[in-house]
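A.B. asks: In my numbering, the protein residues as written are 193 to 326. Pasting a structure here, questions to come.
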């Protein structure tokens, strides 16, 4: 799943997620299901370059359930949630609880520090604006 976001290749979503995939915590403005995941992969790919997920911790809980703690790093090179590109690096962490069936992610429960990324971006934008106005 993390390689999918790193590559930004939304055409691979069907190979990673099951046809009846459910995202129990969908990104605001995006529903759940395979098309929603394609949209999210594309949205991240358009907003960030040099994408990398570092796995900080991973455990198989049994019964097809796994938990993963990760750190995402990238460079903000495209619009993200209405904020123009800064060209600066961002980093935030998240935790996923995945249910795997038939070697694909069938269900996903997750939390990310999206707010941390948004704060990093908005602080950079303010600093860039202040630098231009002085």
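The C-beta atom is built at its ideal place from N, Cα and C for all residues, glycine as well.
Around the C-beta of residue 313, are 16 or more other C-beta atoms found within 10 angstroms, so that it is buried, or is it exposed?
C.D. replies: As a first step, residue 313 is located in the chain shown; it is residue number 121 there, counting from the start. Buried.
A.B. asks: Can you tell me which residues form a DSSP beta bridge with residue 283?
C.D. replies: Position 91 of the chain shown, counted from the start, is the residue given in the question as residue 283. Note: residue 283 sits in a beta bridge opposite 265.
A.B. asks: Between which two residues does the alpha helix (DSSP H) holding residue 202 run?
C.D. replies: To locate residue 202, count along the chain shown from 1; it is residue 10. Per DSSP, residue 202 belongs to no alpha helix (DSSP H) and is neither H nor E.
A.B. asks: Taking the alpha helix (DSSP H) that residue 234 falls in, what are its first and last residues?
C.D. replies: Along the chain shown, one-based indexing puts residue 234 at 42. It spans 226-239 - the alpha helix (DSSP H) in which residue 234 sits, taken as one unbroken run.
A.B. asks: Assuming residue 215 contacts residue 229 under a Cβ cut-off of 8 Å, what Cβ separation, rounded to an integer in Å, is found between them?
C.D. replies: Here residue 215 is taken as the residue at index 23 of the chain shown, counted from 1. Here residue 229 is taken as the residue at index 37 of the chain shown, counted from 1. Between residue 229 and residue 215 the Cβ distance is about 7 Å, and since that is below 8 Å, they are a contact.
A.B. asks: Report buried or exposed for residue 307, applying the criterion of at least 16 other Cβ atoms within 10 angstroms of its Cβ.
C.D. replies: For the purposes of this step, residue 307 is taken as the residue at position 115 of the chain shown. Per the 10 Å Cβ criterion, exposed.
A.B. asks: Judging by CA-CA distance, which residue of 310, 298 and 286 is the nearest neighbour of residue 273?
C.D. replies: Translated into positions along the chain shown, residue 273 becomes position 81. The candidate whose alpha carbon is nearest that of residue 273 is 310.
A.B. asks: So what's residue 253 in DSSP terms, helix, strand or just coil?
C.D. replies: As a working note, residue 253 is residue 61 in the chain shown. Residue state, collapsed to three classes: strand.
A.B. asks: Please state the DSSP three-state secondary structure of residue 207.
C.D. replies: Here the question's residue 207 lines up with position 15 in the chain shown. It is helical.
A.B. asks: What separation, rounded to the nearest whole angstrom, lies between the Cα atoms of residue 286 and residue 203?
C.D. replies: One-based indexing of the chain shown puts residue 286 at position 94. One-based indexing of the chain shown puts residue 203 at position 11. Their backbone Cα atoms lie some 24 Å apart in a straight line.
A.B. asks: Can you check whether the CB of residue 263 is closer than 7 Å to the CB of residue 198?
C.D. replies: Position 6 of the chain shown, counted from the first residue, corresponds to residue 198. Position 71 of the chain shown, counted from the first residue, corresponds to residue 263. Not a contact, by the Cβ cut-off of 7 Å.
A.B. asks: Assign residue 260 to one of three DSSP states: helix, strand, or coil.
C.D. replies: Mapped onto the chain shown, residue 260 falls at position 68. Three-state DSSP puts residue 260 in a strand.
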